[in-house]
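Down below is the structure, laid out as structure tokens.
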Amino acid sequence: MAGFGAANQLHELGIRARLYDQRPRPGGLTSSFTSGDGFIFDEGVHISFTKSERVKELFAISVGKRFETGNVYCNNYWKGYWIKHPAQVNLNALPTDLKIACIKDFIEATRVQDPIIDNYEQWLLASYGPTFANTFPMVYTRKYHTTDAANMTIDWLGPRLYKPNLDEVLRGAFEHEPLDVFYVNEFRYPSEGGFEGFMRGLFPKAEVHSNHQVRSIDVKERQIRFGNGEQTSYDKLISSIPLPRLIPLISGAPRDVVEAACRLACSQVVVVNIGLNRPVITKAQWSYFYDEDIPFARVSYRANLSPNAVPPGCGAFQAEIYFSDKYRPLKGAHENWIEPTIDALIRCGLVGNRDEIVHKSSTWLPFGNVIFDHDRRPALEIVHGYLDEVGIGYCGRFGMWGYIWTDAAFLSGEKVARRLAGRPDS
């Protein structure tokens, strides 16, 4: 998304960019693929919920105005209970004793004036109290971010975790799903071909070169060498390559910059794809899972994004299991997680038995989400400062090294393209 955001902006400025991708076709994390049995899967959970009318129109044109739209509904699973998201204002479905403890703790937490908040754990305790924080977001943090909340900063939160008032907590405890306070409301998704469709219409706006994995960058001679033996010169260079991989590619990069890039942490994802011979009956587009003995942190429901993502009369899941080199390395092959995922889906009641399963596969994503640990900010300042010095623009989730969604990644590409083209305010 970031690369084509840059290419789109340059196209509008009358400049045809050359875009290089190491894969057989462009797409990155927004890629989709069709299995031989008719299921279409993405590389993880993807929808578009941009507020930018211009980006909405660009994406719509890319799919020939053929897209699904609807209101987001997602829920949470905890020890056999299904709870609307966000759980902090939907306590109604929980056991009475747990609800009482959550409410009492929340009231006590709100009485603390100017709490000390130096990390994410302290923010959770100050926002929700210990019962809710330890039962839900603390556990999810270990599953999704692969580290403890105390090891994380809070500069990634934005609107992601809703902080309710007492009236909202009480109403959600006494009434069934009374509030819609999730930061995502309306979503769009291509009717056919998976999420990648929102990018396909952008392909003609650049000179795209696939199967070109960068091997080295000479910033003095402005030369790039690729693994296939080719090389090219450049005038201006924009990169969405993940920073820990980009910096070692730059000839003569200083040791302190290389070491700083190595301190940047991100999660990795095993995505397990399961297809059923029957529809999946749920209102949700995706669900979060808090039990630590359930391997996956999140599951998306393919047919609820587009009915054309599954064969007629079928249903499908994508389950995400998170690892990281720094905190929770993957041991063994990613395929080893298919059967434990099926076991957990059966335990949750989402799959009846193995006879229903007509497709199972897995994908390994070496870059999932940026981990906002305490090393991130000082290391990022060093890395970005060096890239600014040598004139390499950076964009996208792993170029910015931020927690940004697809539309923000697209816009980050446009922004750096304007700057390098000398049109920062256009």
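Numbering (UniProt numbering), first residue to last: 1 to 426. A virtual CB, placed ideally from N, CA and C, is assigned to each residue, including glycine.
Query, Result
"Is Val89 helix, strand or coil by DSSP?", "helix"
"So, are the CB atoms of Gln122 and Pro130 less than 8 Å apart?", "no"
"Let me check understanding here. Comparing Cα to Cα, which of Asp293, Val383, Thr30 and Ala93 lies closest to Gly5?", "Thr30"
"If you draw a straight line from the alpha carbon of His209 to that of Tyr120, how long is it in whole angstroms?", "42 Å"
"If we ignore side chains and look at the alpha-carbon of each, how far apart do Pro164 and Ala133 end up?", "14 Å"
"Is the beta carbon of Glu175 less than 8 Å from the beta carbon of Asn92?", "yes"
"Would the beta-carbon of Leu276 fall within 8 Å of that of Ile346?", "no"
"Compute the Euclidean distance between the alpha carbons of Pro340 and Thr232, then round it to the nearest angstrom.", "46 Å"
"What do you get for Asp293, buried or exposed, if any count of 16 or more other CB atoms within 10 angstroms of its CB means buried?", "exposed"
"Nearest-angstrom Cα distance between His212 and Gln88?", "47 Å"
"For the region 215-256, which segments carrying the alpha helix (DSSP H) assignment without a break, of at least 4 residues, lie completely within its bounds, in sequence order?", "243-249"
"Specify the secondary structure class of Met199 as computed by DSSP and reduced to three states.", "helix"
"Excluding the five sequence neighbours on either side, which residues of its own chain have a C-beta within less than 6 Å of the C-beta of Leu19, listed in chain order?", "Gly3, Ala7, Ala206 and Val208"
"Output the distance between the C-alpha atoms of residue 450 and Thr153, rounded to the nearest integer angstrom.", "In the structure as shown, the chain starts at 1 and stops at 426, and residue 450 therefore has no counterpart that could be examined."
"Taking just the CA atoms, how far does Lys326 sit from Phe41?", "28 Å"
"Could you give the residue range of the alpha helix (DSSP H) that holds Asp407?", "Thr406 to Leu420"
"Between Tyr234 and the rest of its own chain, which residues show a CB-CB distance below 6 Å, the 5 nearest in sequence each way excluded?", "Arg222"
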